[in-house]
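Chains as they are written, first to last, in our numbering: chain A, 1 to 190; chain B, 1001 to 1190.
Here's the structure, in structure tokens; my notes come after.
Protein chains: 2
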Amino acid sequence: MQLLKERILKDGRVFDGDVLYVGSFLNHQIDTDLMDKIGNEIATLFCGQKITKILTIEASGIAIACATARYINVPVLFAKKSKTSNLTSDVLRAEVVSYTHHNISTIFVEREFILPTDKILVVDDFLANGEAIRGLKGLIEEGGAELVGCAIAIEKGFQGGGDELRQSGIDVKSLAIIDSMGEDGIVFRD
Amino acid sequence: MQLLKERILKDGRVFDGDVLYVGSFLNHQIDTDLMDKIGNEIATLFCGQKITKILTIEASGIAIACATARYINVPVLFAKKSKTSNLTSDVLRAEVVSYTHHNISTIFVEREFILPTDKILVVDDFLANGEAIRGLKGLIEEGGAELVGCAIAIEKGFQGGGDELRQSGIDVKSLAIIDSMGEDGIVFRD
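Next comes the structure, spelled out in structure tokens:
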């Protein structure tokens, strides 16, 4: 998606530890118009797939999931990173290794919201090593639903997670894939 | 907002400890069409206020903030509950007592995203004792910006936080105010 790539080049900042900071427009402060266009683009990429639900993970996936859901006209479900008092006891759970937070955590969704009749699109803002997506896939499998595919705003291609998921048969579509970033700038995959 | 009140009566569940569970449509699974109408309603309530930004807190405030931002055509900024590696060192911070999680936490936003020229609308899914709103107000004050008002989907009026904030001079508008809930059902304020 050319508009997103241009915005990354304009406003993205590369921090130590392979961190791409896009908090000025994507996942801390959110450019409402850009997010709307991202949602439209993802809906177009997965057009005709009979999706029944969009699944993401709190917190930064929620905005992009909601933007996409408006164009597909389905509910959003976001996995929670802690089992708060406003979850029931009947939950699906999966483990996720977080690249950003340097830990292993359990994610949860209410069992009643993932059904064997569901065809689910996973949406997230970032894909790096793919662990969050694997966790969300685990929730979908535990609920007996079908994973239609994954839509990602920014994939850090050099970390390999996206290609591993594709090789395992998942339809992963990313709007911007970064092959390298550093002193020479950010290089996108064609 | 009649549509929201009807949905609370239809799908809300009251759990022990004054917990109103609305995870089937508002803050875990999200009804995309309802959320869009909530955003439209909030934008109408604060019409003409020259808002420059919407501020919320992760995670469950993000969907309603984004839905509102589409109608006001401003960016969303969400406060983070932990200082992850994708925040810079120059942040604003405030303390928040969480009713749901039974703890005190610090919330953060990047300093550069709250400016003295900003007129900020705070948006959240729930208001109970008002601690989250007080924290967000603290961030706005620390950044030298103006708090235009607060828009809330569901206010638990019987916990008093909303009325305390109103008495302190803040323009708090809630789409559904619950005066009591329990064995006799849910009673809304007129």
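Glycine is no exception: its CB is placed at the ideal position from the N, C-alpha and C atoms.
Listed along chain A is no residue with a C-beta nearer than 9 angstroms to that of N1040/B; the closest approach is about 12 angstroms. Under the 8 angstroms Cβ criterion, the region 173–186 of chain A does not count as touching the region 1147–1155 of chain B, having fewer than three qualifying pairs.
The beta carbon of L87/A sits closer than 8 angstroms to the beta carbons of K80, F108 and E110 from its chain, once the five residues preceding and following it are set aside; these are given in chain order. G1160/B sits exposed, since fewer than 16 C-beta atoms from the chains shown fall within 10 Å of its C-beta. Cβ neighbours of E1131/B within its own chain (closer than 6 angstroms, five residues either side excluded): V1096 and V1097. Not flagged as an interface residue toward chain B: F158/A, since no C-beta distance is shorter than 9 angstroms. In this structure H28/A is buried. Its beta-carbon is surrounded by 16 or more other beta-carbon atoms within 10 angstroms. Cβ-Cβ distances below 6 angstroms link A1094/B to I1107, G1135, G1138 and L1139 in the same chain, with the five nearest sequence neighbours on each side left out; the list follows chain order. Within the region 1057–1113 of chain B, the complete beta strand (DSSP E) runs of at least 3 residues fall at 1076–1079, 1091–1098 and 1103–1110. Between H1101/B and the set L115/A, I133/A, T84/A and E183/A, the nearest pair of CA atoms involves T84/A. In the DSSP assignment, M1035/B falls outside any beta strand (DSSP E) and lies within the alpha helix (DSSP H) extending over T1032 to L1045.
Around the beta-carbon of S89/A, fewer than 16 other beta-carbon atoms lie within 10 Å, marking it exposed. Within the region 1112–1131 of chain B, those residues whose Cβ lies closer than 7 angstroms to any Cβ of chain A are, in chain order, F1113.
Within the region 158–190 of chain A, contact with chain B at the beta-carbon level (separation under 9 angstroms) is assigned to no residue. A direct Cα-Cα distance of roughly 46 angstroms separates D1011/B from R189/A. Interface annotation, S82/A: in contact with chain B, CB-CB separation under 9 angstroms. Annotation: the continuous alpha helix (DSSP H) that includes L4/A extends over Q2 to D11. Per DSSP, the unbroken alpha helix (DSSP H) holding L139/A starts and ends at E131 to E142. Per the C-alpha coordinates, the member of I1030/B, R1166/B and Y1021/B positioned closest to G1182/B is Y1021/B.
Within chain A, the C-beta atoms nearer than 7 angstroms to that of N1086/B come from V19, Y21, G23 and T100, in chain order.
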